[in-house]
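A.B. asks: 607 is the number that the working numbering gives to position 575 of the sequence shown; each next residue is one higher, with no gaps. For each residue, glycine too, the CB sits at the ideal point set by N, CA and C. None of the values given here were measured: they were computed from a predicted structure. Would you mind keeping the following structure in view while I ask a few things?
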Amino acid sequence: MIQGGVSPDELYDTVCKQEVEIVLTAHPTQINRRTLQYKHIRIAHLLDYNDRPDLTHEDREMLIEDLVREITAIWQTDELRRHKPTPVDEARAGLNIVEQSLWKAIPHYLRRVSSALKKHTGRPLPLTCTPIKFGSWMGGDRDGNPNVTAKVTKDVSLLSRWMAIDLYIREVDSLRFELSMNRCSDRLLRLAHEILEKETSSEDRLESRSQSLTRSQIKLNNQQLPSLPTQLPAGADMPSCTECNDGDSQYPRLELPGTDYMPLNRQEGQGPSFSDSQFQDSGRSSSKSSENGTSSNGLQPAVTPRGSSYASSQFHAQRKLFAESQIGRSSFHKLLEPSLPQLPGIAPYRIVLGDVKDKLMKTRRRLELRLEDLPCEHDFCDYYESSDQLLEPLILCYESLQSCGSGVLADGRLADLIRRVATFGIVLMKLDLRQESGRHSETLDAITRYLDMGTYSEWDEEKRLEFLTRELKGKRPLVPPSIEVAPDIREVLDTFRVAAELGSDSLGAYVISMASNASDVLAVELLQKDARLAVSGELGRPCLGGTLRVVPLFETVKDLREAGSVIRKLLSIDWYREHILRNHGGHQEVMVGYSDSGKDAGRFTAAWELYKAQEDVVAACNEYDIKVTLFHGRGGSIGRGGGPTYLAIQSQPPGSVMGTLRSTEQGEMVQAKFGLPQTAVRQLEIYTTAVLLATLRPPLSPREEKWRNLMEEISKISCQSYRNTVYENPEFLAYFHEATPQAELGFLNIGSRPTRRKSSTGVGHLRAIPWVFAWTQTRFVLPAWLGVGAGLRGVCEKGHTAELQEMYKEWPFFQSTVDLIEMVLGKADIPIAKHYDEVLVSESRRELGAELRRELLTTEKYVLVISGHEKLSENNRSLRRLIESRLPYLNPMNMLQVEILKRLRRDDDNNKLRDALQITFNGIAAGMRNTG
33 MIQGGVSPDE
43 LYDTVCKQEV
53 EIVLTAHPTQ
63 INRRTLQYKH
73 IRIAHLLDYN
83 DRPDLTHEDR
93 EMLIEDLVRE
103 ITAIWQTDEL
113 RRHKPTPVDE
123 ARAGLNIVEQ
133 SLWKAIPHYL
143 RRVSSALKKH
153 TGRPLPLTCT
163 PIKFGSWMGG
173 DRDGNPNVTA
183 KVTKDVSLLS
193 RWMAIDLYIR
203 EVDSLRFELS
213 MNRCSDRLLR
223 LAHEILEKET
233 SSEDRLESRS
243 QSLTRSQIKL
253 NNQQLPSLPT
263 QLPAGADMPS
273 CTECNDGDSQ
283 YPRLELPGTD
293 YMPLNRQEGQ
303 GPSFSDSQFQ
313 DSGRSSSKSS
323 ENGTSSNGLQ
333 PAVTPRGSSY
343 ASSQFHAQRK
353 LFAESQIGRS
363 SFHKLLEPSL
373 PQLPGIAPYR
383 IVLGDVKDKL
393 MKTRRRLELR
403 LEDLPCEHDF
413 CDYYESSDQL
423 LEPLILCYES
433 LQSCGSGVLA
443 DGRLADLIRR
453 VATFGIVLMK
463 LDLRQESGRH
473 SETLDAITRY
483 LDMGTYSEWD
493 EEKRLEFLTR
503 ELKGKRPLVP
513 PSIEVAPDIR
523 EVLDTFRVAA
533 ELGSDSLGAY
543 VISMASNASD
553 VLAVELLQKD
563 ARLAVSGELG
573 RPCLGGTLRV
583 VPLFETVKDL
593 REAGSVIRKL
603 LSIDWYREHI
613 LRNHGGHQEV
623 MVGYSDSGKD
633 AGRFTAAWEL
643 YKAQEDVVAA
653 CNEYDIKVTL
663 FHGRGGSIGR
673 GGGPTYLAIQ
683 SQPPGSVMGT
693 LRSTEQGEMV
703 QAKFGLPQTA
713 VRQLEIYTTA
723 VLLATLRPPL
733 SPREEKWRNL
743 MEEISKISCQ
753 SYRNTVYENP
763 EFLAYFHEAT
773 PQAELGFLNI
783 GSRPTRRKSS
793 TGVGHLRAIP
803 WVFAWTQTRF
813 VLPAWLGVGA
823 GLRGVCEKGH
833 TAELQEMYKE
843 WPFFQSTVDL
853 IEMVLGKADI
863 PIAKHYDEVL
873 VSESRRELGA
883 ELRRELLTTE
893 KYVLVISGHE
903 KLSENNRSLR
913 RLIESRLPYL
923 NPMNMLQVEI
933 LKRLRRDDDN
943 NKLRDALQIT
953 FNGIAAGMRN
963 TG
């Protein structure tokens, strides 16, 4: 790029300001079990190790044995999921991708970016600068999925934080052993002394309390205790938080998950009795337990009994003291960690990092208590709430090492940790929430009817906007605390409450699917504002974090055509524009959906409408001087907007990728792109390079207005042909059910959400994933090409062939659209699709299948004419070789699937046939790669 005229300063600034977020979703297209994926990864590592030239004969024999073991384990492992995953299971799978791959890949990727920048601009990438971050929909996407509840969202968000803290603890542990040197900056030395003084004074206070409590306890024992009893008193087996009367408990027993409860035996009417030896030990025990008395090794102290003769403050001290005595007596961590030396000759880095680890462990314990909905007393100084708090001591260590001539150490493990904190933060991946716009309207209906204001959904758009704007400007809550609503409405309100409790520190965007009006956005803003008012009122302080940014998702062709107008209407509202400027840095995010638009109008029309919608949205934001980020909801298959990342980004409209981009990665593509650290690094570099090029060298616009007119004509003919077949032909739905395994896909336990948004049997309410998945199994891949041939033929027959060939050579968008369709046609197989029809389809509907196969041939013919290729995938020989290499395995599986479907439809209770069918699903999905 520098050779192309980009200045080093411009290149450096553009990379440093780049904001790309990859959002992992739980869309059900990953058909392989996670345990098998891990075994495949281990085999990949072994094969990689086998390539080492320094292996001895014995080493290679041992490696072969390991490979045999892994293959045997795969062979004897059930290939099928026997139960549907829960949303938390899906979230855990996403977190595992981070742990097994991205955690290692990010430092390596950022080092490569930094090295490239230093080579070409003379300056490395700033340590806390990261061009790529990660988000997640797993546990937050409730659109059509009743299994994703407010509690699930809260639990997944806390689980993500827990995982981040746990990973940081491991890294800090390793770093403490590495940074053993004494030489440091004055600032770091002062901090180390402060930490030591704080710990010393803390130990002195504990010892003083211990001696005081011991004296009073001895006095109490001398006054009250008779000689030692010969048998245990009644109720001695009960925990000390109960009052025992004849063995019955007046209070419920306290169950603490994940801890070893250690009840203190006592007689009725007595306070808890600690032995003298416990007090003597406790005075010297570690001071590193959390303020709620929870030790870092998970032990829980007894809880204050009601009616105790001791004052609550005195017993709180005893409770804490007891917990700390247990740490001193039972913790093995003390033996394993490097001890903190006393003055003189301290190891300052170990002291500072030890304090960091201590806070991280308290943070992790606090998250465990929150996950169990247990009270957690805490001091805000004892745990980390933001990534800035964690970065501060790490950067101080880094600067100290640099100033002392140990830069080579600073740029190693410590720099990697700082970059991880900058990338993953304290939450690992921020969780987006997604809900359908209709659910918000139903919620406002319930509220307005309760308040005798009418029915919100019956109002026109202007009245809705007037009502919403008025309420947003007000300072009082709209929803009364006493309101009684249906469970589905309560779930929406609970979701907003959880969003208010967690805030923008843990959550990302609130995405509104099926958005079509400005009121859809303001409705969410109002419900969000109301929940934050209610929560802050209960807490007596403002909610943590800021408000979530609200992102409209335009999915259908109709909504895409209106997207620009909706954004203009939103930004014309004074309150909303000021809100964007004040709370979101003058930044508007808009999401465009590839799946439903493709199912609605066909792939070609969807691609053109998406292109125009992005142009219009960018123009609307520019009119109001608002920055825009486009969020691309892509699937893995071409029919759902998938395809090579670089090609997709480079074909966006000029000005739509100005250094910022969000994009989803779904199902099988998450594992394929990010499952291994080396492939993850490659994908991250592709994202960075493509966004950089699209920003500094935007793709060309259509050279002539005539090209746009030709696109409109192709799109119109293509859409009409597609809809005539899919929606207007009364035989198509029955043909679809017979010719594909769509109905049988329900046997697959690959996702937590239903396959349909509503109970209708039509294509309209069928989700895009099973729609594409079913056609991919038959190797017909109809959603990706249907209508394209009719559109291209219609324009070519009018004498525009040469112009289309020019468009292919000079317009990146048109070229990528045609190339992706050509790729799909290379995967389609007419003889296999015909075999499905001949065996499974009723004779009266076989002619429809024949017509569709002729349409496929027409599409292939005109794609080759426009691209100038003699045969499919001529410009992508590696892909063609891959497809050809899979055919000997794919073809028999398709033949087998047809036979199994034939038998199963006569005997649908045959579980052995069901299992066999699911195995063919797995095999064909693996062979076709992008399935949904």
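1. My parser needs the beta strand (DSSP E) runs of 3 or more residues fully inside the stretch 823-900; what are they?
2. For Leu693, which of helix, strand or coil comes out of DSSP?
3. Measure the alpha-carbon distance for Phe953 versus Lys507 and round it to whole angstroms.
4. Can you tell me whether DSSP reads Asp657 as helix, strand or coil?
5. Report the rounded CA-to-CA distance for Leu936 versus Thr810, giving the unit in angstroms.
6. Taking the beta carbon of His832 as the centre, do at least 16 other beta carbons fall within 10 Å, making it buried, or is it exposed?
7. Could you have a look at Pro519 and say whether DSSP puts it in helix, strand or coil?
8. Does the Cβ of Glu587 have 16 or more other Cβ atoms within 10 Å, making it buried, or fewer, making it exposed?
9. Within 10 angstroms of its Cβ, does Arg316 collect 16 or more other Cβ (buried), or is it exposed?
10. Going by beta carbon distance, what residues of the same chain come within less than 7 angstroms of Gln374, once the five residues before and after it are set aside?
11. Using 8 angstroms for Cβ pairs, my map puts Leu392 next to Ile201. What's the rounded Cβ distance?
12. In chain order, what residues of the same chain lie with their CB nearer than 6 angstroms to the CB of Gly577, ignoring the 5 residues before and after it?
13. Can you confirm whether Pro734, when its beta carbon is compared against all beta carbons of chain C, has any partner nearer than 7 angstroms?
14. Using alpha carbons as the reference points, say which of Thr637, Val873, Glu906 and Asp947 lies closest to Ser747.
15. Given this structure, state the Cα-to-Cα distance separating Ala860 from Gly691, to the nearest angstrom.
16. Under DSSP, the alpha helix (DSSP H) around Thr185 begins and ends at which residues?
17. Strictly by DSSP, which residues pair up with Phe586?
18. Considering only C-alpha positions, which residue in the set Arg909, Asp947 and Ile956 is nearest to Pro924?
19. Can you tell me the Cα-Cα spacing of His115 and Leu814, whole angstroms?
20. Do Gly572 and Val649 come within 7 angstroms of each other at the CB atom, strictly closer than that value?
21. If you draw a straight line from the C-alpha of Ser568 to the C-alpha of Gln682, how long is it?
22. Between which two residues does the beta strand (DSSP E) harbouring Ser688 extend?
23. So for Ser168, helix, strand or coil by DSSP?
24. Is the beta carbon of Leu134 less than 7 angstroms from the beta carbon of Ala712?
25. Is Val827 closer than 7 angstroms to Leu742 when the C-beta atoms are compared?
26. Alpha carbon to alpha carbon, what distance is there between Ile862 and Arg946?
27. Between which two residues does the alpha helix (DSSP H) harbouring Arg466 extend?
28. Starting from the Cα of Lys561, find the closest Cα among Glu417, Asp484, Val582 and Leu732 and give me that residue.
29. When the Cα atoms are used, what is the spatial distance from Arg918 to Leu896?
30. Three Cβ pairs or more, each shorter than 8 angstroms: is that satisfied between the stretch 761-768 and the stretch 877-894?
31. Is the Cβ-Cβ distance between Ala652 and Ile599 less than 7 angstroms?
32. For a quick check, are the C-beta atoms of Val204 and Leu500 less than 7 angstroms apart?
33. Does the stretch 537-547 touch the stretch 484-495, meaning 3 or more C-beta pairs lie closer than 8 angstroms?
34. For Ala841, which of Asp869, Leu592, Arg735 and Val758 has the nearest alpha-carbon?
35. Among residues of its own chain, excluding the 5 on either side of Gly37, which ones have a beta-carbon nearer than 6 angstroms to its beta-carbon?
36. Taking Cβ positions, are Leu580 and Leu554 nearer each other than 7 angstroms?
C.D. replies: In short, the structure shows the following:
1. none
2. strand
3. 55 angstroms
4. coil
5. 17 angstroms
6. buried
7. helix
8. buried
9. With a pLDDT of only 36 at Arg316, under 50, the local geometry of the prediction cannot be trusted, and the value read off the model is given with reservation. Looking at its Cβ environment, which holds fewer than 16 other Cβ atoms inside 10 Å, Arg316 is exposed.
10. Because the pLDDT at Gln374 is just 46, under 50, the model does not fix this residue reliably, and the value given afterwards should be weighed accordingly. None.
11. 5 angstroms
12. Gly535, Ser536 and Asp537
13. Among the chains in the structure shown there is no chain C, since it carries only a single protein chain.
14. Thr637
15. 36 angstroms
16. Ala182 to Glu210
17. Val624
18. Ile956
19. 30 angstroms
20. no
21. 45 angstroms
22. From DSSP, Ser688 is part of no beta strand (DSSP E); its letter is neither H nor E.
23. strand
24. yes
25. yes
26. 26 angstroms
27. Where Arg466 is concerned, there is no enclosing alpha helix (DSSP H), although the beta strand (DSSP E) it sits in stretches over Lys462 to Glu468.
28. Val582
29. 23 angstroms
30. yes
31. yes
32. no
33. no
34. For clarity, residue 841 is Lys in the given sequence; the question names Ala instead. Nearest C-alpha to Lys841: Arg735.
35. none
36. no
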